[in-house]
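Engineer:
Numbering (my numbering), first residue to last: 2 to 317.
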C-alpha cells in the first residue's frame, strides 16, 4: 500500500535522525578511543621515565659507611632526580666484587664524601670506595695521645708529633677513631684506631720518642671533610731499629713496607726528620729512660682505670 507524503516524510526524518545519531555516536566513540590511546601512550611514556633509586633513611656524616640499612629504595620520575642517581645495579656493583663466574670475591666499604641528610637522593658524586681491609689491620687502643676538646667517635684524624723546635710531623694519617663509651660517657683520654702492622710499629716508635723528648707532644688533628680530603702524606720517620724491625716482620704488608723504605732511602727526607729528633733525644738523654718509665706506668694506670670502669658498668 502506497504511503502518503506525510508518512514518507516522517520515515525519512526518522532515518535521517538515526543516521545523524550514528554519526555523532561514531565521532564520540572515535574521540574517546583517541583520548584513551593518547592517555595510554602518555602513561607508558611516564612509566618509561620512572627510575628506581635510593634516598637516605638517616643522616650520614662525611667519611661514614653507606650501607643498605641506611638507604630506602624509591621509584620516581627520572625528570625529578639527577642523571647520576644510584640505582640498585650500580650500588650492587660498587659494594661487591664478583669473579667472571659471578661468585662474590669481596665486599667493598662505601663511604660518604660529604655530610648527607635524611631524604637525600644518593648520587655517584656523593660516595667513594674505601680501601679493602688488609689481613694485618688491628684495632689498637691509645691513651697517651692528646685529644681535641670536642672530638667525637667516627671522626677522621692524623696523629702528629710536635717537637720542641717547632717541627710538626705526621705519624699516621686519615684514621677513623672510636672513643670508648661506658654508661653513656665517653672516655676522656682513650681512643681506638684500626692500624696496619707498619703503622703500629711506627706509632710505637713515635710514642717512645715523645716520652723521651721533653716538651714534645703527640696529638690528633681532625679532617674537615674526610670523604673529600685524601690522606695527608706522612712526614715522620721512625729510627733505624724500627725500620729494620718492619723489614723483618712478616706481618707487615709489602705496600706499607715499600712506602716507608722509600722515605727512609731518601737522604733529604731522612736527614730533615731524624736530625731534629736525634738532636732532641741527645739533649735530654740523661732523663730519657726515666721519662719513658714514668710515662709507661702512667699509660698502664690509665688502661687499668678504663678497664675497671668497663667492668663496673657490666656489674662485675
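Cβ atoms here follow ideal geometry from the backbone N, Cα and C, with glycine treated the same way.
The structure displayed is predicted, hence computed values, not measured ones.
#1: So what does DSSP say about residue 182, is it helix, strand or coil?
#2: For residue 239 and residue 279, I'd like the C-alpha separation in whole angstroms.
#3: According to DSSP, simplified to helix, strand and coil, what is residue 126?
#4: Identify, in the order they occur along the chain, each residue of the same chain with its Cβ nearer than 8 angstroms to the Cβ of residue 275, setting aside the five sequence neighbours on each side.
#5: Identify which residue in 188, 210, 173, 261 has its Cα closest to the Cα of residue 282.
#6: Helix, strand or coil: how does DSSP classify residue 158 here?
#7: Any idea which residues DSSP pairs residue 97 with across the strands?
#8: Is it true that the CB of residue 125 sits closer than 9 angstroms to the CB of residue 85?
#9: Buried or exposed: which applies to residue 217, given that a residue is buried once 16 or more other Cβ atoms fall within 10 Å of its Cβ?
#10: Tell me, which residues are paired with residue 40 by DSSP?
#11: Below 9 angstroms between beta carbons: does that hold for residue 268 and residue 145?
#12: Compare the Cα-Cα distances from residue 97 to each of 303, 291, 297, 68 and report the closest residue.
#13: How should residue 318 be labelled, buried or exposed, when 16 other C-beta atoms within 10 angstroms of its C-beta is the threshold for buried?
Structural biologist: So, from the listed chains and residues:
#1: The residue given as residue 182 occupies position 181 in the chain shown. Residue 182: strand per DSSP, three-state reduction.
#2: Sequence index remark: in the chain shown, residue 239 carries index 238 (1-based). Sequence index remark: in the chain shown, residue 279 carries index 278 (1-based). Taking the straight line joining both Cα atoms gives about 11 angstroms.
#3: As a first step, residue 126 must be located in the chain shown, where it is residue number 125. DSSP places residue 126 in helix when its eight states are reduced to three.
#4: Taking the first residue of the chain shown as 1, we reach residue 275 at position 274. Take residue 275, set aside five residues on each side of it, and the residues of its chain with a beta-carbon closer than 8 angstroms to its own are 238, 240, in chain order.
#5: Looking up residue 282 in the chain shown gives position 281. Comparing Cα-Cα distances from residue 282 to each of 188, 210, 173, 261, the minimum goes to 210.
#6: As a working mapping, residue 158 is identified with position 157 in the chain shown. Residue 158 falls in the strand class under three-state DSSP.
#7: In the chain shown, the residue the question calls residue 97 occupies position 96. According to DSSP, residue 97 bridges with 108.
#8: In the chain shown, the residue the question calls residue 85 occupies position 84. In the chain shown, the residue the question calls residue 125 occupies position 124. For residue 85 and residue 125, yes; Cβs fall inside 9 angstroms.
#9: Residue numbering aside, residue 217 sits at position 216 when the chain shown is read from its first letter. Classification of residue 217: buried, given that the 10 Å Cβ count is 16 or more.
#10: Residue mapping note: residue 40 aligns to position 39 of the chain shown, counting from 1. Bridge partners of residue 40: none, in fact.
#11: Counting from one through the chain shown, the residue named residue 268 turns up at place 267. Counting from one through the chain shown, the residue named residue 145 turns up at place 144. Contact: no.
#12: Here the question's residue 97 lines up with position 96 in the chain shown. Comparing Cα-Cα distances from residue 97 to each of 303, 291, 297, 68, the minimum goes to 68.
#13: Outside the shown range of the chain, which is 2 to 317, sits residue 318, and nothing can be said about it.
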